[in-house]
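Worksheet for the structure shown next.
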Amino acid sequence: MTPSPLLRYARTDADVPAPAQRFKDGAMRVAPFSDLAAWLAEIDRQARLMRPSRRLYERFNRTARTLTSGRVRACEDGAAIADLVRRLRTARCPGGHDLHGLDRVWSRAELGVLITEAVNRQRQLAMGRLEARPKRPRLDPRRLPDARLEHLIQHHRDLRLVEALRAERRRRDLAGGGHAA
Numbered sequence: 001m002t003p004s005p006l007l008r009y010a011r012t013d014a015d016v017p018a019p020a021q022r023f024k025d026g027a028m029r030v031a032p033f034s035d036l037a038a039w040l041a042e043i044d045r046q047a048r049l050m051r052p053s054r055r056l057y058e059r060f061n062r063t064a065r066t067l068t069s070g071r072v073r074a075c076e077d078g079a080a081i082a083d084l085v086r087r088l089r090t091a092r093c094p095g096g097h098d099l100h101g102l103d104r105v106w107s108r109a110e111l112g113v114l115i116t117e118a119v120n121r122q123r124q125l126a127m128g129r130l131e132a133r134p135k136r137p138r139l140d141p142r143r144l145p146d147a148r149l150e151h152l153i154q155h156h157r158d159l160r161l162v163e164a165l166r167a168e169r170r171r172r173d174l175a176g177g178g179h180a181a
């Protein structure tokens, strides 16, 4: 017997999303999710209730669209990210078995962005990195060791870069010594 998809992700009773409620005009209210595992559990719950109904389709779409690149980047749950990657890749090439699935929520471009973010986050978590590496210039001459700086001055094809490297070498010489990195 396989466990329920809700039980697979739920850590405590507080993490299980509340069922959807109705507004006075009959529209359904989507409960906000606290983390990616709760979002996956809510998507599973709504998919089990799915039938041909515009109201259900709209609620599913609203819930699915609460997943953003920022929320994917903030997730630290490797199992939830792995499941998300699998589901998003499946949504990219739908088989037509679902009544209304994730493949109908986003355009291919939006889905591609989410897949990229989810795969990148999965790789970061696999490396043990909880935060993304800070962005830096591709080649910062100030961070190069002396031997590498000399090698690049002698062998690099881009003359503008070679001039920047020579300027860095002159700066180091005037500062009174080599660069220890």
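Taking my numbering, the leading residue of the sequence shown gets 1, the next gets one more, and so forth. Glycine included, C-beta positions come from ideal geometry on N, C-alpha and C. Predicted model, so just to flag it, every value in this text is computed and none were measured.
| Asked | Found |
| --- | --- |
| Three or more beta-carbon pairs under 8 Å between the region 59-67 and the region 34-50, yes or no? | yes |
| Based on Cα-Cα distance, which residue from His100, Arg133 and Gln122 lies nearest to Arg48? | His100 |
| Assuming the contact rule is C-beta atoms closer than 8 Å, Val119 and Val85 should be a hit. Round their C-beta distance to whole Å, please. | 6 Å |
| Can you tell me the Cα-Cα spacing of Arg171 and Pro134, whole angstroms? | 26 Å |
| Quick one: give me the first and last residue of the alpha helix (DSSP H) that Arg42 is part of. | Residue identity check: residue 42 is Glu in the sequence provided, not Arg. Element bounds for Glu42: Leu36 to Leu49. |
| Give the range of the alpha helix (DSSP H) segment to which Ser69 is assigned. | Ser69 to Ala74 |
| Here's the rule: buried if 16 or more other CB atoms are within 10 angstroms of the residue's CB, otherwise exposed. What is Arg59? | buried |
| Residues in the same chain with beta-carbon distance under 6 Å from Gly78, minus the five sequence neighbours each way, listed in chain order, please. | Leu125 |
| On the premise that Glu168 lies in contact with Pro141, defined as a C-beta separation below 8 Å, what is that separation, rounded to the nearest angstrom? | 4 Å |
| Given this structure, state the Cα-to-Cα distance separating Pro137 from Arg87, to the nearest angstrom. | 34 Å |
| Could you have a look at His151 and say whether DSSP puts it in helix, strand or coil? | helix |
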